Every structure is written in structure tokens, then in C-alpha cells.
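Count along the sequence shown from 1, then add 168; that gives the number in this note's numbering. Where a beta carbon is used, it is the ideal one built from N, C-alpha and C, also for glycine. No experiment lies behind these values; they were computed from the predicted model shown. Data block below; observations after.
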Amino acid sequence: MKVLVLNCGSSSVKFQLIETDLEAIKTNSDICLAKGRIERVGKEDAKIVYEVPEREKYKTVLPILNHAAAIKETTELLTGELGVIGDLKEIEAVGHRTVHGGEDFSDSTVWNDAVLKTVEECSKLAPLHNPHNITGYLEAKKVFPDVPHVAVFDTAFHQTMKPVAYLYGLPYEYYRKYKIRRYGFHGTSHRYVSYRAAQLLGKDLSDLKIITNHLGNGSSVAAIDKGQSVDTSMGYTPLEGLVMGTRCGDIDPSIPLSIIKSEGISAEEMDTFLNKKCGLLGISELSNDMLDLENAYYEGNEQAELAMRIFCYRIKKYIGAYSAAMNGVDVIIFTGGIGENSNEVREWSTEGLDFMGALIDIEKNKELNRGEGIISKPESKVKIMLIPTNEELLIARDTVRLISA
Ligand code: ADP
């Protein structure tokens with residue numbers, strides 16, 4: 169079955185056309201037929217990148233003034249001269265990345281009017297994301313009116329967290345009134361890599377305690393016991409937890425109040441500051457990009473090294489905390505742009521964990537960079553693994569699973 173996966177952000181639309189079915193899911197033999205991304209949606213000079221496996225990458229610049237135009241361009245790429253299907257009718261379902269499902273969705277779901285209403289209500293919790301996901305769905309529905317559309321939420325996987333993990337030390341009333349609690353994000357990625365690890369190890373997820381590190385521009389760690397998320401580092405918003413590209417992660421909550429007073433800035437400016445000016449960028453005063461920091465570190469830049477060390481130390485602390493939360497850990501996974509590409513980050517965040525039986529193999533870690541497999545020593549009690557994430561694939565699989573049920 170051919171499934172179109174759409175990921176609509178404020179100014180971007182990413183897509184993949186995936187051939188999959190229940191048998192392919194079991195045997196990991198799904199096929200990506202084509203993928204692409206349209207950036208700067210809303211501008212005259214939107215950037216389009218389109219890739220078909222084994223063919224040269226196609227890039228162009230075109231006016232793409234809204235999401236409707238981006239979806240139209242997507243369908244033209246898939247069926248046109250560079251296309252991989254003859255007719256849009258070959259697409260049997262559409263899966264949509266949807267950021268926030270609040271407490272209402274603990275699994276992916278088929279879109280309908282009631283789902284739409286609830287996702288709209290959840291926009292209060294993710295005002296920068298959900299409205300664009302909704303627009304994407306409504307526009308795609310016009311192009312594909314007769315096929316099922318499925319919403320796959322970033323938050324759903326973490327709905328198995330217990331109150332002891334998701335409530336803050338705030339008056340309970342604020343949870344009741346404003347739903348202030350920890351939700352967690354990147355659930356699709358944490359779920360995909362934990363499932364894939366079990367498959368690669370030939371084990372059942374229900375026999376494993378796993379810590380997944382999704383490290384990209386936004387980064388989060390999750391504790392997954394018997395296939396269920398029991399804790400994760402992002403909270404009410406994606407600002408909590410690890411030090412990220414430009415986000416501060418965990419800080420003393422009185423710091424923003426103190427800076428608001430000393431710098432005379434507004435609450436909105438503070439929000440932008442915490443999300444855009446902190447993290448690796450803020451510490452290094454150089455870049456939010458880990459590759460830039462690595463290059464600077466190898467040229468002797470101490471502040472770049474400090475940013476990298478702080479990033480890794482925070483990961484290590486979460487690994488310790490989540491091992492305690494689960495009373496042990498069998499597998500530690502690295503994924504995301506940084507987790508997949510930076511052998512320094514994988515090494516530094518797992519060094520000195522021999523007390524708990526996690527021994528990274530420094531050579532294997534370097535050799536396997538960007539690959540998939542085990543990077544711990546054979547005698548390591550805890551397996552350390554590198555697994556490239558594939559959120560689009562999981563969205564396609566969920567879509568098939570739901571509509572085949
Ligand atoms: P997003 O959260 O936006 O999806 P990605 O998962 O694509 O982000 O990760 C982006 C991060 O991955 C950037 O910090 C980038 O520098 C880092 N990265 C990509 N390639 C490398 C590399 N070869 N070495 C180190 N870091 C890398």
C-alpha cells in the first residue's frame with residue numbers, strides 16, 4: 169500500500185511516499201519511493217528538494233505561497249516527469265505528523281470532525297505547531313478526499329507516563345485549570361528506535377528497559393520500560409530537559425525572572441531568549457550547530473568544547489536518572505542528527521558509566537558512525553546502540569496499522 173506522509177510546519181512541508189503493509193512492517197521491508205521538502209513556504213523563493221532513491225537529487229526554487237501550494241507541488245513532483253507514480257489514485261492513505269494530542273490521544277488516530285475539534289483545542293498547548301498540522305490535513309483532504317487520513321502525535325507515546333513522572337511541584341489546581349503537566353515530545357522517534365533496537369537484538373520489547381537519546385536541534389531522552397514511555401526529558405513544552413541547539417533545557421526557574429528584571433525585557437522576549445539564544449549557541453557564542461562546534465573544538469576553541477561537554481554531561485545525568493527510574497537499563501540508544509553523526513557526543517555522554525555495566529567501544533563507535541548497530545564492547549552488560557531514526561516510516565506504519573484494523 170502506498171502511503172503519503174506529510175509533515176507540515178509553519179514554513180515548511182516535508183513529505184515521503186512509502187510502500188508498506190502489515191507484512192513489510194514485520195520484516196522491516198517497507199520501501200521509501202520518494203521524499204522531499206519544501207522550505208520557505210509563504211515566500212516567492214521557496215526551496216524545493218526532491219529525492220528518489222538511486223536518482224540524482226532534484227533542487228529548485230519556486231514561489232510557494234501557502235500550504236495548499238506546497239501540497240500541490242508535492243503531488244506534481246510525485247506524478248510528473250520526476251515522479252514515481254502514474255496517478256494520485258495510487259495513494260491509498262495519508263499520514264500526518266501532528267505535534268500535540270494533549271491528554272486526549274495516547275495513540276495515532278484516523279482524522280474525522282471530532283478529532284479535528286480536539287486537535288484544535290490542543291493548539292493552546294502548541295500554538296506554533298498544531299495550527300499548521302491542521303492546515304496540512306485540511307488542504308490534503310481536499311486533494312485526497314476519498315482516502316483515510318491518520319494523525320500521528322509527537323506526544324501520544326508519552327501518555328503512558330504516570331502522574332508521579334508527569335506532574336510538577338506546582339499547585340494541583342494549575343494542572344486542573346490549565347493542564348500544566350509534562351507531555352514530552354519526539355514520541356514517534358523514541359518509539360521507532362526502541363522498536364527497531366528490539367528487532368535488531370532479536371528480543372521482545374516487553375523484556376527490555378531502554379533509554380533513547382534523540383539528539384538534534386531539539387533533543388530529548390526517554391525511559392522506555394517494556395515498550396512504554398515511563399519518563400521523558402521534555403515537559404510542558406520542548407524547552408525542558410537537555411541543553412539543545414538554542415534552547416536552555418533545565419534551569420533554575422527563578423533565572424528568567426531575574427533576567428527579566430535586570431535586562432528590562434518582556435515575558436515574550438524572555439520566551440524567545442530561552443528558545444532561540446541559549447543552549448549550545450549561548451554557551452559557545454559561536455554556533456547552535458554541533459558540526460560547527462566539533463570543527464571549532466578540533467581547532468582548539470575551548471568555549472566550543474565547553475558547550476559540547478555541558479551537552480554531554482546533561483545527557484549522562486539523564487541516563488543515570490532514568491536507569492534509577494526503571495531499576496536498571498538494558499539498552500542505551502543514540503539517534504537524531506547529532507546522535508547519528510557525532511561519535512564525540514556518543515563517547516562523552518557514555519564515558520564513566522562502567523559502574524552500571526555500560527562500556528562504549530571507542531573504535532566501534534567511530535567505525536559505525538552514521539550506521540546502525542551496537543557500539544558497546546562485547547562484555548558490556550548494557551548494549552549501547554546507534555539507530556538512525558525514521559519518524560516518517562513510523563507514521564506510514566501507524567497509518568497502515570490503523571486502517572487495516
Ligand atoms: P532537527 O531537530 O531539526 O530535526 P536534526 O535531527 O536534523 O535536527 O539534527 C541537526 C543537528 O545534527 C545539528 O546540530 C547538526 O549540526 C547535527 N549534525 C549533522 N551532521 C553532523 C555531523 N556530521 N557531526 C556532528 N553533528 C552533526
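What does DSSP give as the partner residues of residue i in its beta bridges?
{"i": "Phe321", "result": "Thr266"}
{"i": "Ser422", "result": "For Ser422, which the question treats as bridged, DSSP gives no partner whatsoever."}
{"i": "Glu219", "result": "Lys203"}
{"i": "Gly541", "result": "Leu554"}
{"i": "Cys176", "result": "Val181"}
{"i": "Ile348", "result": "BP columns for Ile348 are empty, so no partner."}
{"i": "Asp275", "result": "Answer is none; Asp275 lacks a bridge partner."}
{"i": "Gly478", "result": "Strictly speaking, residue 478 in this sequence is Ile, with Gly absent from that position. BP columns for Ile478 are empty, so no partner."}
{"i": "Lys211", "result": "Ile232"}
{"i": "Asp399", "result": "Ala391"}
{"i": "Tyr305", "result": "DSSP, once it has assigned bridges, lists no residue as partnering Tyr305."}
{"i": "Lys227", "result": "Val217"}
{"i": "Glu187", "result": "Lys170 and Ile199"}
{"i": "Ile586", "result": "As shown, the chain starts at 169 and ends at 573. That puts residue 586 outside it, with no answer to give."}
With a threshold of 7 angstroms on Cβ separation, who are the neighbours of residue i within its own chain once the five nearest residues in sequence on each side are excluded?
{"i": "Leu579", "result": "Residue 579 lies beyond the range of the chain shown here (169 to 573); nothing can be said about it."}
{"i": "Ala192", "result": "Asp198"}
{"i": "Glu453", "result": "Gln471"}
{"i": "Ser401", "result": "Ser388, Val389, Glu408, Gly409, Leu410 and Tyr486"}
{"i": "Leu172", "result": "Phe183, Leu185, Ile259 and Val262"}
{"i": "Glu176", "result": "First, the amino acid is wrong: residue 176 is Cys here, not Glu. Correct list, in chain order: His235, His300, Asn301, Thr303 and Gly304."}
{"i": "Gly539", "result": "Leu554"}
{"i": "Ile563", "result": "Val173, Gly263, Arg265, Val320 and Thr356"}
{"i": "Leu233", "result": "Gly210"}
{"i": "Ser621", "result": "Only positions 169 to 573 of the chain appear in this structure, which leaves residue 621 out of reach."}
Going along the chain, which residues of its own chain have a beta-carbon closer than 8 angstroms to the beta-carbon of residue i, five neighbours each way excluded?
{"i": "Leu407", "result": "Arg415, Cys416, Gly417, Leu442 and Asn443"}
{"i": "Arg565", "result": "Thr188, Ile193 and Asp198"}
{"i": "Thr247", "result": "Ile253, Gly254, Asp255 and Leu256"}
{"i": "Val229", "result": "Asp213, Ala214, Lys215 and Ile216"}
{"i": "Val568", "result": "Met169, Val171, Thr188, Asp189, Leu190, Ile193 and Ala261"}
{"i": "Val513", "result": "Leu383, Met458, Met476, Phe479, Cys480, Ile483, Phe502, Ile506 and Gly507"}
{"i": "Ile530", "result": "Glu515"}
{"i": "Ile348", "result": "Tyr336, Leu338, Tyr342 and Tyr404"}
{"i": "Ile433", "result": "Ile427 and Phe441"}
Using a Cβ-Cβ cutoff of less than 6 angstroms, which residues in the same chain neighbour residue i once the five nearest sequence positions on both sides are dropped?
{"i": "Lys377", "result": "Asp393, Met494, Gly496, Val497 and Asp498"}
{"i": "Ser274", "result": "Ala324 and Gln327"}
{"i": "Asp272", "result": "Thr286"}
{"i": "Leu527", "result": "Ser544, Lys545 and Ser548"}
{"i": "Arg359", "result": "Phe325"}
Could you check if residue i belongs to the surroundings of ligand 2, using beta carbon to heavy atom distance under 8 angstroms?
{"i": "Ala475", "result": "This structure lacks ligand 2; its bound ligands are ligand 1."}
Taking any heavy atom of ligand 1 as the mark, which residues have a C-beta closer than 5 angstroms to it, listed down the chain? The set of residues whose C-beta lies within less than 5 angstroms of a heavy atom of ligand 1 reads, in chain order, Gly384, Asn385, Gly386, Asp457, Met458, Leu459, Gly504, Gly505, Ile506, Asn509 and Ser510.
Do the stretch 357-374 and the stretch 466-476 meet, that is, are 3 or more Cβ pairs less than 8 angstroms apart? The stretch 357-374 makes no contact with the stretch 466-476, as fewer than three CB pairs between them are under 8 angstroms.
Touching by the beta-carbon criterion (3+ pairs, under 8 angstroms), the stretch 251-268 and the stretch 204-213: Cβ pair count under 8 angstroms is below three, so no.
Touch check for the stretch 494-505 and the stretch 532-551: three-plus C-beta pairs under 8 angstroms? Yes: the two stretches touch, three or more of their Cβ pairs being nearer than 8 angstroms.
Do the stretch 338-358 and the stretch 309-322 make contact, defined as three or more Cβ pairs closer than 8 angstroms? Counting C-beta pairs with one atom in each stretch, the stretch 338-358 and the stretch 309-322 have three or more that are closer than 8 angstroms, which means they touch.
The stretch 305-313 / the stretch 331-338 touching (three or more Cβ pairs under 8 angstroms): Segments in contact, no.
Take every Cβ of the stretch 284-293, pair it with every Cβ of the stretch 532-549, and state whether three or more of those distances are shorter than 8 angstroms. The stretch 284-293 makes no contact with the stretch 532-549, as fewer than three CB pairs between them are under 8 angstroms.
Residue ranges of each alpha helix (DSSP H) within the stretch 485-553, 4 or longer: For secondary structure counted as the alpha helix (DSSP H) over 4 or more consecutive residues, the stretch 485-553 holds these complete runs in sequence order: 504-509, 511-518 and 530-535.
Would you call the stretch 384-395 and the stretch 343-353 in contact, with 3 or more CB pairs under 8 angstroms? With the cut-off at 8 angstroms, the stretch 384-395 and the stretch 343-353 touch.
Report the residue ranges of all alpha helix (DSSP H) runs contained in full by the stretch 403-471; include only those spanning at least 4 residues, in chain order. The stretch 403-471 contains, as complete alpha helix (DSSP H) runs of 4+ residues, the segments 422-431, 435-444, 447-452 and 458-466 (chain order).
For the stretch 348-383, list the beta strand (DSSP E) runs that are entirely contained and at least 3 residues long, ordered along the chain. As far as the stretch 348-383 is concerned, its whole beta strand (DSSP E) runs of at least 3 residues are 377-383.
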